[in-house]
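Undergrad: In the numbering used here, the protein residues as written are 17 to 191.
#1: I need the straight-line Cα distance from residue 151 to residue 113, nearest angstrom please.
#2: Return the CA-CA distance between residue 40 and residue 57, expressed in angstroms with no decimal places.
#3: Quick one: grab the DSSP three-state call for residue 110.
#4: Should residue 153 and residue 187 be called a contact, given that it needs their Cβ atoms to be closer than 8 Å?
#5: Between the alpha carbons of residue 102 and residue 108, how many angstroms are there, rounded?
#6: Roughly how many angstroms separate the alpha carbons of residue 167 and residue 185, rounded to a whole number?
#7: To the nearest angstrom, how far is it from the Cα of residue 127 to the Cα of residue 133?
#8: Nearest-angstrom Cα distance between residue 42 and residue 51?
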């Protein structure tokens, strides 16, 4: 029995060693499989992360392009508005030809008023001269009337005329 036991033990030990070898090989295969699975999962996760980053970058790039196009459009709109406002202002608000006509009309009106005022002043000056002349004549006439010797001495026509009476008569007939 000893031999049978020994052979049994030998077979068992060979089987055990064989099982141990298989177990070791299976462990290595399982380890390699686990590593492959982990690598695949990590790669999958990284690819998803990279794709999300790429998607985010594309989205940011698209937003930047939209923003640039919006700024470009805004700048062009501002240029168009400036041009139109300048045109409108020159055409209607600050119309040179209309302003020129207004200035010419205003100048004409001012000249008319100036001539009217000058005529009025000239008439007033003439009236003042006539009034001054009449006043002067009246003073002389009053002075001549009030002279004692002329008032007290009555002269008859044809006999003797004083020089002053002739002057007074001329002034009375002239006025």
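Glycine included, each C-beta is placed from N, C-alpha and C at the ideal position.
Please read these numbers as outputs of a predicted model, since none were measured by experiment.
TA: In this structure, then:
#1: 56 Å
#2: 25 Å
#3: coil
#4: yes
#5: 10 Å
#6: Because residue 167 sits at a pLDDT of 49, beneath the cut-off of 50, its placement in the model cannot be relied upon, and the following sentence gives the value as read from the coordinates. If I take the Cα positions, the gap works out to 16 Å.
#7: 10 Å
#8: 14 Å
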